[in-house]
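Colleague:
In the working numbering, the protein residues as written are 128 to 412.
What follows is the structure, encoded as structure tokens:
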């Protein structure tokens, strides 16, 4: 899964996080919906569209882009897509655009895009410059976890675990959220290692969506158990899971190709998935 997909999944659980990161004050932020919108007769989809409650006509729409790769043409592409969206849907309300970078060095500025950066409703946020761990909002700690180096992971997870135990009635599936992040941060760790590191138990892990989906596909031994004899099959299962999350249904011939691939090939395809914009691009040699 691309890193932006991790953010989008987190924002789906709590769209108000985007508003907090961007410093946007709106009425009833918890009523926003986060999703994706197709733009007809074009080849793109706006993945991060936050819609305010329909009974609040003055509340802004918010368009979110998570940019974890340097891209000289990013702003021209993003703003072009945004303008096409506004032209097609013509929402009768204000709008804001929020761009999230992990580090300032990834932003590419040039003569073409600089004039647009002065737009008052374009918010460029560098996540590592925010005091995420100092926030009282524990979901911002999960964003810090996504950005963390491997040596920094355990203290953040332990902090979230402590919060979860102190606030059991919040109605938030912290194990699900933690597992979603950890399965991508630590793809080569076995289940036993994750349990030892973070204090998860069998029951907690088996209740997560990822585990249940893997069981449903009949291949949980390869990914969750992490046994040596099932590791290649587990890596294939994980890649298929990521492909479905990113692109939707996977054709049968693609699934068969993935399941027949060796570890080196699976790794190469997984790396391509980080930047691929279409399913075919993952497998193009």
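Ideal Cβ positions, reconstructed from N, Cα and C, are used throughout, including at glycine. From a predicted model like this one, the values you see are computed outputs, not experimental measurements.
Quick one, which of 403, 366, 400 has its alpha-carbon nearest residue 388's?
Modeller: Residue mapping note: residue 388 aligns to position 261 of the chain shown, counting from 1. Among 403, 366, 400, the Cα nearest to that of residue 388 belongs to 366.
Colleague: Cα-Cα, which of 291, 250, 261 is closest to residue 149?
Modeller: Within the chain shown, residue 149 is the residue found at index 22, counting from 1. When only C-alpha atoms are compared, the closest one is 250.
Colleague: Restricting to Cα atoms, I'd like to know which of 379, 239, 404, 243 is closest to residue 226.
Modeller: Here the question's residue 226 lines up with position 99 in the chain shown. Nearest C-alpha to residue 226: 243.
Colleague: Which value, in whole angstroms, describes the spacing of the CA atoms of residue 356 and residue 362?
Modeller: Along the chain shown, read from residue 1 onward, the residue named residue 356 stands at position 229. Along the chain shown, read from residue 1 onward, the residue named residue 362 stands at position 235. Here residue 356 scores only 42 on pLDDT, less than 50, and its place in the model should not be relied on; the value that follows carries that caveat. Each residue's alpha carbon lies about 12 Å from the other.
Colleague: Note down the Cα distance separating residue 236 from residue 383, rounded to an integer number of angstroms.
Modeller: Residue numbering aside, residue 236 sits at position 109 when the chain shown is read from its first letter. Residue numbering aside, residue 383 sits at position 256 when the chain shown is read from its first letter. The alpha-carbon atoms of residue 236 and residue 383 are separated by roughly 43 Å.
Colleague: Whose C-alpha, out of 255, 289, 262, 294, is nearest the C-alpha of residue 276?
Modeller: The residue given as residue 276 occupies position 149 in the chain shown. Cα-wise, what sits closest to residue 276 is 255.
Colleague: Could you give the DSSP three-state label for residue 397: helix, strand or coil?
Modeller: Residue 397 sits at position 270 when you count from the first residue of the chain shown. Here residue 397 sits in helix by DSSP.
Colleague: Does the region 151-161 come within contact of the region 193-210, defined as at least 3 CB pairs closer than 8 Å?
Modeller: No, they do not touch.
Colleague: Count the other CB atoms within 10 Å of the CB of residue 407; is the residue buried (16 or more) or exposed (fewer)?
Modeller: The residue given as residue 407 occupies position 280 in the chain shown. The residue in question, residue 407, is exposed, as its Cβ has fewer than 16 Cβ neighbours within 10 Å.
Colleague: Can you tell me whether residue 294 is buried or exposed, with buried defined as 16 or more other CB within 10 angstroms of its CB?
Modeller: Translated into the one-based positions of the chain shown, residue 294 becomes position 167. By the neighbour-count rule (16 or more Cβ atoms within 10 Å), residue 294 is not buried but exposed.
Colleague: Residue 311 lies in the alpha helix (DSSP H); which residues open and close that run?
Modeller: Reading the chain shown from its first residue, position 184 is the one you call residue 311. Residue 311 -> alpha helix (DSSP H) spans 301-312.
Colleague: Where does the unbroken beta strand (DSSP E) through residue 163 begin, and where does it stop?
Modeller: Counting from one through the chain shown, the residue named residue 163 turns up at place 36. Segment 160-165, the beta strand (DSSP E) holding residue 163.
Colleague: Given residue 305, which residues of its chain have a CB within under 7 Å of its CB, disregarding the five upstream and five downstream residues?
Modeller: Working through the chain shown from its first residue, we reach residue 305 at position 178. Around residue 305: 284, 287.
Colleague: Is it a yes or a no for the region 373-381 touching the region 140-148, going by three-plus beta-carbon pairs under 8 Å?
Modeller: Too few Cβ pairs lie closer than 8 Å, so no.
Colleague: Give me the DSSP bridge partner(s) of residue 172.
Modeller: Residue mapping note: residue 172 aligns to position 45 of the chain shown, counting from 1. Paired residues: 165.
Colleague: Under 7 Å Cβ to Cβ from residue 403, same chain only, skipping five residues before and after it: list those, please.
Modeller: By 1-based counting over the chain shown, the position of residue 403 is 276. Closer than 7 Å at the Cβ level, and outside the excluded window around residue 403, lie 409.
Colleague: In the DSSP assignment, find the unbroken alpha helix (DSSP H) run with residue 408 in it and report its ends.
Modeller: For the purposes of this step, residue 408 is taken as the residue at position 281 of the chain shown. First-last of the alpha helix (DSSP H) with residue 408: 406-410.
Colleague: Short of 8 Å in beta carbon distance, which residues of its chain neighbour residue 393, apart from the five on each side in sequence? Order them along the chain.
Modeller: For the purposes of this step, residue 393 is taken as residue 266 along the chain shown, with counting starting at 1. Cβ within range, chain order: 359, 362, 363, 366, 385.
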